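Residue numbers (the numbering used here): 1487 to 1596.
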């Protein structure tokens, strides 16, 4: 049988080993992480007249004709995002493939 002092000492060692293991694991994960890649800066063009907010990316009519344009890929295919501003508001329009979700949705991380 272990004495009370030996049991208490054993508990302290277990606690120290547990904390040490967690710290080493955290350090390993921190060192294994890849640094974030620097993103290239983009210039958002100024539009002379704001687009009609109607859910349509009317490029031929000129609403987004001068906009910054980029393509993106999601689970349903590729799409295009159009971004412009008028010095007061930022305008974003996204055109993508039709999916199974019947509501329009999207997100832009700025």
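Cβ coordinates follow ideal geometry from the N, Cα and C atoms, glycine included. Predicted model, so just to flag it, every value in this text is computed and none were measured.
Q) Got a sec? Which residues, its chain only, sit under 6 Å from residue 1568 by beta carbon, not counting five neighbours each side? A) Position 82 of the chain shown, counted from the first residue, corresponds to residue 1568. Within the same chain, residue 1568 has close Cβ partners 1543, 1550, 1553, 1555 and 1579.
Q: Determine, using beta-carbon pairs with one atom in the stretch 1513–1532 and one in the stretch 1559–1574, whether at least three such pairs fall under 8 Å.
A: yes
Q | Whole runs of the beta strand (DSSP E) within the stretch 1548–1574, excluding any shorter than 3 residues | A | 1554–1560 and 1563–1571
Q. Sorted by chain position, which residues of the same chain lie with C-beta nearer than 7 Å to residue 1586's C-beta, five sequence neighbours on each side aside?
A. Numbered from its first residue, the chain shown carries residue 1586 at position 100. Nothing listed; no residue qualifies.
Q: From the DSSP output, in three-state form, read off residue 1596 for me.
A: Residue numbering aside, residue 1596 sits at position 110 when the chain shown is read from its first letter. Coil, per DSSP.
Q) Between which two residues does the alpha helix (DSSP H) harbouring residue 1492 extend? A) The sequence position of residue 1492 within the chain shown is 6, counting from 1. Run containing residue 1492: 1490–1518, per the alpha helix (DSSP H) assignment.
Q. What does a CB cutoff of less than 7 Å around residue 1538 pick up in its chain, not counting 5 residues either side in sequence?
A. For the purposes of this step, residue 1538 is identified with residue 52 of the chain shown, where counting begins at 1. The residues are 1549.
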